[in-house]
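So in my numbering the end of the sequence shown lands on 1637, straight run, no missing numbers.
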Amino acid sequence: MKKLMACSAVALLTAAGANAQPPLPAYDLLLRGGHVIDAKNHIDAVMDVGIKDGKIAKVAKGLNAADAIKAIDVRGLYVTPGLIDLHTHNYVGTGEKNSYAGDLSVQPDGFTFRSGVTTVVDAGCSGWRNFEDFKDKIVDRAKTRILVMLNIVGKGMRSGNIQQDLTDMDGEETAKTALRYPGVIVGIKTAHFNGPEWKPVEQAVIAGTRANIPVMVDFGADRPTRPLYDLLTQKLRPGDIYTHMYSGLRHEQDPVTKGPQKGMIEGRARGIYFDAGTGGGSFKWSLAVPFIQQGFKPDSLSTDLHVDSMNSATKDLLNVASKFMAMGLSLSEVVAEMTAHPAHEIRRDDLGNLSVGSVADVAVLRLEKGKFGFTDMVNTRLDGKQKLVDELTIKDGKIVYDLNGMEALPWTAPEGDISNDKRWTSWPRPKPRPDDGVKLH
Ligand SMILES: [Zn+2]
């Protein structure tokens, strides 16, 4: 051991002598003076965030700009972990019409970074039969981190009778595929089922139990043979997730109190998580306002993003967060519901926080003040006075979105040393300039 250490020391000295490069600064990227909100670490204060090698290196007051390759002044803005959207649809590109394994899904990179989202969970577009095609076409190619809930239907979330086919709901086969991709397949989804049977939920729970991951339920048609009360108090396990909590389509609302029915209250008490999943037709003010007045807030905010919801009431995750702030939730609550909370629900507690050593996914948000209108599934409006806008998004330590060019130098400024820029930005460097004689297009 001693000999090995001596050899290494000689090698190091030789390397240092040959290259004679000055050591790199302590941080690749430093965000200075922003208000950091990190629910997992109980931080809600003005602090600096230092990033190195794609990881969070330090969160503290008074870090020195000279210790970073790039320092950005983010005073007046909020610095949060990169947002996690727990319910999205991303299996685009198959060419299949009227299908979430096709035309109804959205290409994630087009909609994530611009709203501070660095991780999405695809909620059941693929099943065990077509997950690998989804992985090849989208998951492995996107810049966004895509985690997946497998549909309990082997063929996935597709048109016609495919989602209703009880013979293609196999918990054992679904679990086998989930177990082959731990940490990527983070849940099981059952959705859009119209029949009277419990089989989709029961098979999903079998798969979730075998693979040790949660089940997310979109409870489909309202059927007296399978009441919501039984789902939340008996069928699901603690740690499973009920999405579309404010839709009102399955008797979520108590007709007398206007708050949540007792199954929702008992379900939460036994550890069921409740997810917003506002979507195209799954969020109503007439439920959400009294629920929240009675203290029944979401565990996680999510969009249920697809080609319809992105252009109707939901729009994007920050719009969803702004809606909940308009109903009285605090900024730190909505940030927690888009970061540490969803990470915990899918048992990926490594994400959604700014702990030292964590992957450096960061959102820098601006809270605009003014008059804003927010709509729901029946196109009624609630007015709000504030709205969150994403200014800067960082994924794996590199800037991937910059609304106002905060990281950029004025075009008249000398370029300076850009040799280490690739350590903090995803933009190509050096950038070709017109006066370099490079043809731009
Ligand atoms: Zn959905």
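By construction, the Cβ of each residue, glycine as well, lies at the ideal position given by its N, Cα and C atoms. Just so it is clear, the structure is predicted and the values come from calculations on it, not from any experiment.
Judged by DSSP in its simplified three-state form, Met1460 adopts helix.
The closest CA to that of Ala1532, considering only Pro1218, Ile1233, Thr1340, Ile1468, is found on Ile1233.
Sequence-distant Cβ neighbours of Gln1457 in its own chain, meaning closer than 8 Å and more than five residues away, are Leu1424, Tyr1425, His1447, Glu1448, Gln1449, Asp1450. Taken through DSSP and simplified to helix, strand or coil, Asn1294 comes out as coil. Annotated as proximal: Phe1570 and Leu1578, with beta-carbon spacing under 7 Å. Apart from sequence neighbours up to five positions away, the residues of its chain that approach Lys1454 with a beta-carbon distance below 7 Å are Pro1486, ordered along the chain. Nearest C-alpha to Lys1254 among Gly1612, Lys1511, Ala1556, Arg1422: Ala1556.
Of the residues assessed, Thr1276 falls on the buried side of the cut-off, its CB having 16 or more other CB atoms within 10 angstroms.
The Cβ atoms of Ile1348 and Ile1384 sit closer than 7 Å to each other.
Counted as a single uninterrupted DSSP element, the beta strand (DSSP E) harbouring Gly1383 occupies residues 1381-1386. Of the heavy atoms belonging to ligand 1, at least one sits nearer than 6 Å to the Cβ of Asp1500. Going by C-alpha positions, Val1585 is about 42 Å away from Glu1369. Excluding residues up to 5 positions away in sequence, nothing lies with its Cβ nearer than 6 Å to the Cβ of Ser1482 in the same chain. Closest by C-alpha distance to Thr1499, out of Ile1247, Ala1539, His1440, Asp1329, is His1440. With a threshold of 16 other beta carbon atoms within 10 Å, Ala1604 falls short and is exposed.
Burial is judged here by how many other beta carbons sit within 10 angstroms of a residue's own beta carbon; Glu1564 has fewer than 16 and is exposed.
In this structure the stretch 1309-1316 touches the stretch 1512-1523; the number of beta carbon pairs closer than 8 Å is three or more. Scanning the stretch 1470-1531 for uninterrupted beta strand (DSSP E) segments of 3 residues or longer gives nothing; none is fully contained. For Arg1577, the enclosing beta strand (DSSP E) covers residues 1577-1591. Excluding the 5 residues flanking it on each side, Ala1256 has same chain C-beta neighbours closer than 7 Å at Met1243, Asp1244, in chain order.
Here Lys1236 carries a helix assignment [DSSP, helix/strand/coil].
For Val1288, the closest of Asp1269, Asp1281, Val1335 by C-alpha to C-alpha distance is Val1335.
Distances taken from the Cβ of Ala1264 to the heavy atoms of ligand 1 include none shorter than 6 Å. Classified as exposed, Leu1362 has fewer than 16 neighbouring CB atoms from the shown chains inside 10 Å of its CB. For the 7 Å CB-CB criterion, Ile1239 and Ala1539 do not form a contact. For His1231, the secondary structure class from DSSP, reduced to helix, strand or coil, is strand. Under the Cβ criterion (8 Å, minimum of three pairs), the stretch 1295-1304 does not count as touching the stretch 1258-1269. With respect to the 7 Å criterion, Met1365 and Pro1396 are classified as neighbours on the basis of their beta carbons. Per DSSP, Thr1315 is one residue of the beta strand (DSSP E) stretching across 1313-1323. Judged by DSSP in its simplified three-state form, Phe1327 adopts helix. For Glu1564, the enclosing beta strand (DSSP E) has its first and last residue at 1558-1571. Per DSSP, Ala1604 is not a residue of any beta strand (DSSP E), being assigned neither H nor E. With a 10 Å radius around the Cβ and a threshold of 16 neighbouring Cβ atoms, Lys1480 comes out buried. For the pair Leu1428 and Ala1509, the Cα-to-Cα distance works out to about 27 Å. DSSP links Arg1341 through a beta bridge to Thr1315. In the structure shown, Ile1468 falls within a coil segment according to DSSP collapsed to helix, strand and coil.
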